[in-house]
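Protein sequences appear in the order of chains D and W. Those letters in the first sequence? Residues 1 to 182, by this note's numbering. Those letters in the second sequence? Residues 183 to 328, by this note's numbering. Take a look at the structure below.
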Amino acid sequence: MSDELKLINEAKAGSVTAFTELVRTYREGLLRFLLTRCASYADAEDALQDTFINAYRYLYSYNSRWRFSTWLYRIAIRNAGKLPTHYVTEIGELRDEESDPLQQCIADSERENLWQSARRLLSDEVYSAMWLRYVEDMSIKDVAAVLNRSNSWTKVNLLRGRRKLDAALNRAGTANESEAYG
Amino acid sequence: MRHSTAPGRRTKVKLMDKLSQRLREDAANIDVEVSAELDERIRASLEGVTPERPRDDAMPPRLRSMWWASSLTGIAAATVIIVLINLNQPEPPATATTVQAMPIFTPRLIARPAVMTAPLQKELEDLEADLKKAEEAVRKDIGLFP
Numbered sequence: 001m002s003d004e005l006k007l008i009n010e011a012k013a014g015s016v017t018a019f020t021e022l023v024r025t026y027r028e029g030l031l032r033f034l035l036t037r038c039a040s041y042a043d044a045e046d047a048l049q050d051t052f053i054n055a056y057r058y059l060y061s062y063n064s065r066w067r068f069s070t071w072l073y074r075i076a077i078r079n080a081g082k083l084p085t086h087y088v089t090e091i092g093e094l095r096d097e098e099s100d101p102l103q104q105c106i107a108d109s110e111r112e113n114l115w116q117s118a119r120r121l122l123s124d125e126v127y128s129a130m131w132l133r134y135v136e137d138m139s140i141k142d143v144a145a146v147l148n149r150s151n152s153w154t155k156v157n158l159l160r161g162r163r164k165l166d167a168a169l170n171r172a173g174t175a176n177e178s179e180a181y182g
Numbered sequence: 183m184r185h186s187t188a189p190g191r192r193t194k195v196k197l198m199d200k201l202s203q204r205l206r207e208d209a210a211n212i213d214v215e216v217s218a219e220l221d222e223r224i225r226a227s228l229e230g231v232t233p234e235r236p237r238d239d240a241m242p243p244r245l246r247s248m249w250w251a252s253s254l255t256g257i258a259a260a261t262v263i264i265v266l267i268n269l270n271q272p273e274p275p276a277t278a279t280t281v282q283a284m285p286i287f288t289p290r291l292i293a294r295p296a297v298m299t300a301p302l303q304k305e306l307e308d309l310e311a312d313l314k315k316a317e318e319a320v321r322k323d324i325g326l327f328p
């Protein structure tokens, strides 16, 4: 039995300490994901807290057939969806950089962070699918399960998302080259 | 055996891989830190949460097997009763069946031989008359008749 499953079973038996260990494993990744979905850092923190509370409350319903992260992200997405509209950032909505929690957490760089481009270019669900696939390394099946979509929908939309970002990446590259050569 | 790849495709695959790498790197560049305060808040919240228990509305295994056994017995009993009722029913009296032959349509072809042979007979007579005339003409030509 894996360490994670052992902790899950202990938490199911009522051990808060075991569940806190699980929280430590997933909190940064989840917060990073929620930051891109919420209007402020504080809202993302609140969503993170709600996610873990709900996960602990309904831990009995977790099926070890799935990865624990798949189950957690599913709860996180549902929680983000339940937030009042002024707490949630519409993907694709351009905001001023000062209030953008994602912008605040991105180190100054010469180029734009690709996830900012993704937020501008992709729909809410496709953005989430891309994040789960390329950052969390989830399988297509797991991504589909988190988003409550079919495998074929997930595959098609991941491909579309990649194409859009790929095009944006190429445009940025061409623009940089043009600037360099005057 | 290695398959050759078109140069365009190879470039595309390379770009896609570069994209995946960039996505991972850029996600790692999002700098987040869970503060001690948030950590404490989460822990305190978890302490106050009572985990839900699965609803115990499912039947215990023993009761479930008994339910199945009684259901199957009931179905078997009902089947036996239906079969017995059908077996004990008196046979219905046999009724004489009359097979009615289908009327076959036969056209009435009644023709009288005289009617049918009359034209031929006339034809024959005409031919014999013609033959006789021809014979007389020949005899006359060769001088057999005066």
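Cβ coordinates follow ideal geometry from the N, Cα and C atoms, glycine included. Keep in mind the model is a prediction, meaning the values are calculated, not measured.
**Q.** Chain-ordered residues of the segment 207 to 218 of chain W with a beta carbon less than 9 Å from chain D
**A.** Answer in chain order: Glu207, Asp208, Ala209, Ala210, Asn211, Ile212, Asp213, Val214, Glu215, Val216 and Ser217.
(Q) Quick check: what's the CA-CA separation for Lys315 (chain W) versus Gln303 (chain W)? (A) 18 Å
Q. In the segment 122 to 147 of chain D, which residues sit with their C-beta less than 8 Å from some C-beta in chain W, listed in chain order?
A. Met130, Trp131, Tyr134 and Val135
(Q) Rounding to the nearest angstrom, what Cα-Cα distance links Asn63 (chain D) and Asp142 (chain D) in this structure? (A) 13 Å
Q: Spell out the partners DSSP gives Ile106 (chain D) in its beta bridges.
A: According to DSSP, Ile106 (chain D) bridges with W:Ile212.
Q.
Does the structure place the segment 7 to 26 of chain D close enough to the segment 206 to 215 of chain W that three or more beta carbon pairs sit under 8 Å?
A. Touching, no.
Q: Please classify Arg27 (chain D): is it buried, with 16 or more other beta-carbons within 10 angstroms of its beta-carbon, or exposed?
A: buried
Q | Glu229 (chain W): contacting residues in chain D (beta-carbon distance under 8 Å) | A | For Glu229 (chain W), the residues of chain D that pass the 8 Å Cβ criterion are Val16, in the order they occur in the chain.
(Q) Against chain W, does Thr20 (chain D) count as a neighbour if the rule is that its beta carbon must be under 8 Å from one of theirs? (A) yes
(Q) Is it buried or exposed, Gly161 (chain D), if we count other Cβ atoms within 10 angstroms and call 16 or more buried? (A) That one is buried.
Q. Considering only the beta carbon of each residue, do Asn157 (chain D) and Ile140 (chain D) sit closer than 8 Å?
A. no
**Q.** Nearest neighbour of Thr51 (chain D), chosen from D:Trp66, D:Arg65, D:Gly29 and D:Ala39 [CA to CA]
**A.** The residue among D:Trp66, D:Arg65, D:Gly29 and D:Ala39 with its C-alpha nearest the C-alpha of Thr51 (chain D) is D:Gly29.
(Q) Nearest by alpha-carbon distance to Asn148 (chain D): which of D:Ser128, D:Asn54 and D:Arg163 is it? (A) D:Ser128
Q) What does Phe52 (chain D) touch in chain W if you count any residue whose Cβ is under 8 Å from its own? A) Ile224, Ser227 and Leu228
Q: For Tyr56 (chain D), go through chain W and note every residue whose CB falls closer than 7 Å to its CB, in chain order.
A: Result: Leu228, Val231 and Pro233.
Q: Quick one: list the residues of chain D neighbouring Arg204 (chain W), beta-carbon separation under 8 Å, in chain order.
A: Leu114 and Leu169
Q) Which stretch, first to last residue, makes up the alpha helix (DSSP H) that contains Tyr58 (chain D)? A) Looking at the DSSP string, Tyr58 (chain D) is not in any alpha helix (DSSP H), and its letter there is neither H nor E.
Q) What's the gap between the Cα of Gln203 (chain W) and the Cα of Leu169 (chain D)? A) In this structure, the CA atom of Gln203 (chain W) is about 12 Å from the CA atom of Leu169 (chain D).
Q: For my contact list, Tyr41 (chain D) and Leu48 (chain D) are in at a C-beta cut-off of 8 Å; report their separation, rounded to the angstrom.
A: So it is not a contact: roughly 10 Å between Cβ atoms.
Q: Below 7 Å between beta carbons is the criterion; list the residues of the segment 39 to 50 of chain D that meet it against any residue of chain W, in chain order.
A: Glu45 and Gln49
Q) Contact check, Thr154 (chain D) vs Ala144 (chain D) under 8 Å by CB: the rounded distance? A) 4 Å
Q. When the Cα atoms are used, what is the spatial distance from Ser253 (chain W) to Arg244 (chain W)?
A. Each residue's alpha carbon lies about 14 Å from the other.
Q. What runs of the alpha helix (DSSP H), each 4 residues or longer, lie entirely inside the segment 105 to 162 of chain D?
A. Runs of the alpha helix (DSSP H) inside the segment 105 to 162 of chain D: 114 to 121, 124 to 134 and 140 to 147.
**Q.** CA nearest to the CA of Leu115 (chain D), picked from D:Ser2, D:Ala13, D:Arg32 and D:Leu5
**A.** For the record, residue 115 (chain D) in the displayed sequence is Trp; it is not Leu. The shortest Cα separation from Trp115 (chain D) among D:Ser2, D:Ala13, D:Arg32 and D:Leu5 belongs to D:Arg32.
Q. Are the beta-carbon atoms belonging to Val231 (chain W) and Ile53 (chain D) less than 8 Å from one another?
A. In this structure, the beta-carbon distance from Val231 (chain W) to Ile53 (chain D) falls below 8 Å.
Q) How would you list, in chain order, the residues of chain D whose beta-carbon sits under 8 Å from the beta-carbon of Pro236 (chain W)? A) Tyr60 and Ser61
Q. The alpha helix (DSSP H) with Met248 (chain W) in it runs from where to where?
A. Pro243 to Asn270
Q: Assign Trp131 (chain D) to one of two classes, buried (16 or more other C-beta atoms within 10 Å of its C-beta) or exposed (fewer than that).
A: Flag for Trp131 (chain D) reads buried.
Q. Between which two residues does the alpha helix (DSSP H) containing Val231 (chain W) stretch?
A. No alpha helix (DSSP H) holds Val231 (chain W); DSSP gives it neither H nor E.
Q: Report the rounded CA-to-CA distance for Glu4 (chain D) versus Leu72 (chain D), giving the unit in angstroms.
A: 13 Å
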